[in-house]
Ligand SMILES: [Zn+2]
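In the numbering used here, the protein residues as written are 1437 to 1559.
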């Protein structure tokens, strides 16, 4: 076996130090975005489905995100039953009102920033 000689040109572009600095900038940005998500305030809101909310504000990082699931019946000969992810909810710590997030995709997107996620399969 004879190895093929190869001749690589000098690496163009940013230096190792510049790449390292850029990584640090990106990490700092990600940390800031996570902090911003945790510090986002949501308002306890009156909804037709749930009744009156108190109007109080809560920090997402202090709340539990309740993830609902609903049951899909088996169908045909091959379709098994399964659970499908439903809406998110949070309980207002000021008044205990259940706030439903079915119409709030911006808040639902912040699910990872909540203090905890609780999966429910009961309703
Ligand atoms: Zn409330």
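Ideal Cβ placement from N, Cα and C applies to all residues, glycine included.
Between residue 1536 and the rest of its own chain, which residues show a CB-CB distance below 7 Å, the 5 nearest in sequence each way excluded? As a first step, residue 1536 must be located in the chain shown, where it is residue number 100. Excluding positions up to five away in sequence, the list reads 1483, 1485, 1486, 1523 and 1525.
If you follow the beta strand (DSSP E) that residue 1544 is in, where does it begin and where does it stop? The residue labelled residue 1544 in the question sits at position 108 within the chain shown. Annotation: residue 1544 is outside any beta strand (DSSP E); the continuous alpha helix (DSSP H) that includes it extends over 1541-1544.
What does the alpha-carbon distance come out to for the pair residue 1456 and residue 1541? Counted from its first residue, the chain shown places residue 1456 at position 20. Counted from its first residue, the chain shown places residue 1541 at position 105. C-alpha separation (whole angstroms): 35 Å.
Please return the same chain residues whose Cβ sits closer than 7 Å to the Cβ of residue 1546, not counting the five positions on each side in sequence. Translated into positions along the chain shown, residue 1546 becomes position 110. Excluding sequence positions up to five before and after residue 1546, its CB lies within less than 7 Å of the CB of 1473, 1476 and 1496, all in the same chain and listed in chain order.
At the level of alpha carbons, what is the spacing between residue 1461 and residue 1450? Taking the chain shown and counting its residues from 1, the one referred to as residue 1461 is at position 25. Taking the chain shown and counting its residues from 1, the one referred to as residue 1450 is at position 14. C-alpha separation (whole angstroms): 15 Å.
When DSSP builds the beta bridges, which residues end up paired with residue 1477? Taking the chain shown and counting its residues from 1, the one referred to as residue 1477 is at position 41. Residue pairing for residue 1477: DSSP places it in a beta bridge opposite 1495.
Checking the sheet assignment: what are the DSSP bridge partners for residue 1502? For this step, residue 1502 is matched to residue 66 along the chain shown. Under DSSP, residue 1502 takes part in a beta bridge, and its partners are 1525 and 1554.
For residue 1519, which residues of its own chain have a beta-carbon under 8 Å away from its beta-carbon, when the five flanking residues on both sides are left out? For the purposes of this step, residue 1519 is identified with residue 83 of the chain shown, where counting begins at 1. Around residue 1519: 1505, 1506, 1507, 1508 and 1557.
May I ask which residues mark the beginning and end of the beta strand (DSSP E) holding residue 1536? Position 100 of the chain shown, counted from the first residue, corresponds to residue 1536. Segment 1534-1536, the beta strand (DSSP E) holding residue 1536.
If you draw a straight line from the alpha carbon of residue 1493 to that of residue 1510, how long is it in whole angstroms? Looking up residue 1493 in the chain shown gives position 57. Looking up residue 1510 in the chain shown gives position 74. Going by the C-alpha atoms only, they are around 42 Å apart.
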